[in-house]
Structures are given as structure tokens and as C-alpha cells.
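Student: This is the structure I have questions about; it appears just below.
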Amino acid sequence: MNLFTGTRRKGGTAAGKRSRSVLRALAAGATVSALAVSVTSATATAAPAAIPPGLSCDTGKHAIDEYTGFALCRNNGSQTQTFWVHLVCGWAPDVDGNHVTLRPGESGQSTAHCGKIGTGIGEIHVRP
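All residue numbers for the sequence shown refer to the numbering used here, where the first residue is 1 and numbers rise by one.
Here you go:
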């Protein structure tokens, strides 16, 4: 029975159930597509932060664990510098690694780990 008009629909209940199932599937597909576009466009447009002056750094994800990121830096300047790695972790909270102090000519590494609830590492920054 149509609730708006109070009349019965011709064609039985099987056709009505089938069309509702199709509509639900289309709505679910549209929702998933919209979410996929918004998530990928947000990560694709973010620009990486600049490395602090006087440091030369390599950043990356751990070879075995994609939730662990690092910054391996060398102090090429003439003053002592402190740095740390900052990971943007998707749905999990962002995290900072250990603070590393380098005298001129020294190298060191800072590491951090994103929570498993998130989508993994989206960006890696070196902070002064």
C-alpha cells in the first residue's frame, strides 16, 4: 500500500522489494564513491613542509612497518640544531618522534609510529 495516497500498487510486493534493493545499492555505491574522492583529494593536495635550514634530511616509511616513519638528518650548518619527525597519520592522531640534537657535522635519526586505527602515514615532516 502506498502510504501517501492510500492506494495499492499493481505488480505485487516482489517488484517493490526489488526496486528498493536496487535503490539501496545505488545509494551505498554513491556514498562510497564520494568518500573515496574526498579522502584521495585531501591527501593529494597537501604540500610537504620544508626541511629546516642547515639540515639535510631523508624521510620515509619503515621497510617492514608502514605505520613507522623516520627522518635521518645531518647538520651541515655551523650551529647545534634540534629536530624531530612529525607524522600525519590519517584518521589516527598525528605524532611527533623523539627530539634529536646534532652538533655541526653530526647525523641522527628521529622515528615515530602512527596508531593502527588510522590509515597509515599520509605525510612526513621534519620540525625544528
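All C-beta atoms, glycine included, are put in the ideal place defined by N, C-alpha and C.
On a Cα-Cα basis, can you pick out the residue from Pro128, His125, Ile121 that is closest to Ala63?
Tutor: If we check each option's Cα against that of Ala63, Ile121 comes out closest.
Student: For Gln81, count neighbouring Cβ atoms within 10 angstroms of its own Cβ and tell me buried if that reaches 16, exposed if not.
Tutor: So Gln81 ends up on the buried side.
Student: Should Asn75 go down as buried or exposed, given a rule of 16 or more other Cβ atoms within 10 Å for buried?
Tutor: By the neighbour-count rule (16 or more Cβ atoms within 10 Å), Asn75 is buried.
Student: When the distance is taken between beta carbons, is Pro128 closer than 7 Å to Phe83?
Tutor: Going by C-beta atoms, Phe83 is nearer than 7 Å to Pro128.
Student: Between the Cα of Asp94 and the Cα atoms of Ala112, Gln79, Ser78, which residue gives the shortest distance?
Tutor: Minimum Cα distance to Asp94 is reached at Ala112.
Student: Take Val100 and list the residues in its own chain whose beta-carbon comes closer than 8 Å to its own, dropping the five residues that flank it on each side.
Tutor: Within the same chain, Val100 has close Cβ partners Cys73, Thr82, Phe83, Trp84, Gly108, Gln109, Ser110.
Student: Which residue wins for smallest C-alpha separation from Gly77, given the options Leu87, Ile124, Ile51, Thr119?
Tutor: Closest by alpha carbon: Ile51.
Student: Determine, using beta carbons only, whether Ile124 and Thr68 come nearer to each other than 7 Å.
Tutor: Against a cut-off of 7 Å, the Cβ pair of Thr68 and Ile124 comes out as no contact.
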